[in-house]
Amino acid sequence: MVRAQTSQANLAALAARNSNTVRRRAAQQAATRPNSTRAAGAGGSSSTMMKLYTDDNKGLTVDPVVVLVLAISFVFSVVVLHVGSKLARIFLK
């Protein structure tokens, strides 16, 4: 009976030690593993993405501020048209 209790205690201590080791190894492997395929080197070259933002590419070049202003003005015009249609429905009854 005493021997069974000591072997269980030894097994419990061994299991706790092993689980800590497993957790530590998993944390180390997760820290060294890259988070994305691009970081791992399988994502291809990023030089194609950078070509879009250089001045020597062919085609239409538009300033990002202009694109932002046009997008916001489009959203604003849609909102104004919706409000105008609601008001026209109320007043033209």
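Quick note on full-length UniProt numbering: the sequence shown kicks off at 1 and runs consecutively.
By construction, the Cβ of each residue, glycine as well, lies at the ideal position given by its N, Cα and C atoms.
Could you please give the first and the last residue of the uninterrupted alpha helix (DSSP H) stretch that includes residue i?
| i | result |
| --- | --- |
| leucine 87 | 64–91 |
From residue i to residue j, what distance separates their C-alpha atoms?
| i | j | result |
| --- | --- | --- |
| valine 83 | valine 66 | 26 Å |
| glutamine 28 | asparagine 18 | 15 Å |
| leucine 81 | leucine 70 | 16 Å |
| alanine 16 | isoleucine 72 | 59 Å |
| leucine 14 | threonine 32 | 27 Å |
| proline 64 | leucine 92 | 41 Å |
| alanine 88 | phenylalanine 74 | 21 Å |
| arginine 25 | alanine 9 | 24 Å |
| serine 77 | arginine 23 | 56 Å |
| valine 62 | valine 79 | 25 Å |
| glycine 59 | asparagine 20 | 59 Å |
Helix, strand or coil for residue i, going by three-state DSSP, please let me know.
| i | result |
| --- | --- |
| leucine 11 | helix |
| threonine 61 | coil |
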